[in-house]
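Chemist: Numbers in the working numbering are just positions in the sequence shown, counted from 1, shifted up by 105.
For every residue, glycine included, the Cβ atom is placed at its ideal position computed from N, Cα and C.
Questions regarding the structure given below will be posed in turn.
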Amino acid sequence: MTPAIKLIKNNKILFNIHEYHHAQTAQSYGLEAAEKLAVIEQRIFKTLVVLLDNKELVVAVIAVSSKLSLKYMAKVLGGKKVVMANQAAVERSTGYVLGGVSPLGQKKILKTVIDLSAKNYSTIYVSAGKRGLEIELAAADLCELSNGQFAKITQ
């Protein structure tokens with residue numbers, strides 16, 4: 106059981122776990138999840154970590170079919186600029202490996218911003234903390250559990 110699943114269970118949130126066989130050759134973890142789970146790409150959300158100009162790491166949760174706008178993200182965070190965080194910083198702060206980074210149950214609690222598009226669906230899918238494992242839950246529950254906020258952060 107991953108830290109993300111433990112967090113959800115401890116908070117008595119309604120959720121479903123979806124598991125699939127992850128192929129090492131997959132080009133995109135999120136698109137692979139959409140295909141193997143037979144779910145539209147707009148309901149599968151990826152977890153990205155960015156570095157704010159004050160050196161703070163922040164989580165962005167966006168649909169796998171979308172592209173993060175660094176400009177929008179900086180504006181939401183009140184900064185001038187954000188860049189994608191490097192792999193080592195992401196893995197060290199979250200406790201997860203790339204392709205399996207969950208917005209929940211991270212080693213270090215990071216500020217979280219969830220794209221507004223998540224509100225378009227009764228449930229969305231996010232990584233459960235390892236490749237090939239997804240959590241399906243309401244976007245509002247994800248926001249509450251992550252102490253996040255909703256904002257337009259995609260192009």
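Would you kindly report the start and end of the unbroken alpha helix (DSSP H) that includes threonine 259?
Modeler: Counting from one through the sequence shown, the residue named residue 259 turns up at place 154. Note, threonine 259: premise wrong, no alpha helix (DSSP H); not H, not E.
Chemist: Go to alanine 194, then tell me how far its beta strand (DSSP E) extends in each direction, as first and last residue.
Modeler: Position 89 of the sequence shown, counting from 1, holds the residue named residue 194. No beta strand (DSSP E) contains alanine 194, which is instead part of the alpha helix (DSSP H) from 192-199.
Chemist: Answer with buried or exposed for glutamate 239, where buried requires no fewer than 16 other C-beta atoms within 10 angstroms of its C-beta.
Modeler: The residue given as residue 239 occupies position 134 in the sequence shown. Buried, because 16 or more other Cβ atoms sit within 10 Å of the Cβ of glutamate 239.
Chemist: State buried or exposed for valine 181, treating a residue as buried only when at least 16 other CB atoms are found within 10 Å of its CB.
Modeler: Position 76 of the sequence shown holds residue 181. It counts as buried.
Chemist: Taking the alpha helix (DSSP H) that aspartate 246 falls in, what are its first and last residues?
Modeler: Position 141 of the sequence shown, counting from 1, holds the residue named residue 246. Counting along the chain, the unbroken alpha helix (DSSP H) around aspartate 246 starts and ends at 244-250.
Chemist: Alpha carbons only, please: which of Lys235, Val164, Ala168, Glu140 is nearest the one belonging to asparagine 252?
Modeler: Indexing the sequence shown from 1 puts residue 252 at position 147. Residue Val164 is the option with its Cα nearest to asparagine 252.
Chemist: Let me know if methionine 90 comes out buried or exposed under the rule of 16 or more other beta-carbons within 10 Å of its beta-carbon.
Modeler: Nothing in the structure corresponds to residue 90, since the chain is present only between 106 and 260.
Chemist: Candidates Ser170, Met189, Val169: which alpha carbon is nearest lysine 176's?
Modeler: Residue 176 sits at position 71 when you count from the first residue of the sequence shown. Checked all of Ser170, Met189, Val169; the closest Cα to lysine 176 is Met189.
Chemist: Counting pairs of Cβ atoms below 8 Å between the stretch 110-117 and the stretch 215-230, do you hit three or more?
Modeler: Touching, no.
Chemist: Secondary structure at tyrosine 230, three-state DSSP: helix, strand or coil?
Modeler: As a working note, residue 230 is residue 125 in the sequence shown. Residue state, collapsed to three classes: strand.
Chemist: Taking only three categories from DSSP, how would you classify glutamate 239?
Modeler: Taking the first residue of the sequence shown as position 1, residue 239 is located at position 134. Glutamate 239 falls in the strand class under three-state DSSP.
Chemist: Using a Cβ-Cβ cutoff of less than 6 Å, which residues in the same chain neighbour glutamine 147 once the five nearest sequence positions on both sides are dropped?
Modeler: Within the sequence shown, the letter at position 42 stands for residue 147. Excluding residues within five positions, the ones whose Cβ falls inside 6 Å are Ala168, Ser170.
Chemist: Applying the criterion that 16 or more other CB atoms from any shown protein chain within 10 Å of the CB defines a buried residue, is isoleucine 258 buried or exposed?
Modeler: Reading the sequence shown from its first residue, position 153 is the one you call residue 258. Buried, since its Cβ has 16 or more Cβ neighbours within 10 Å.
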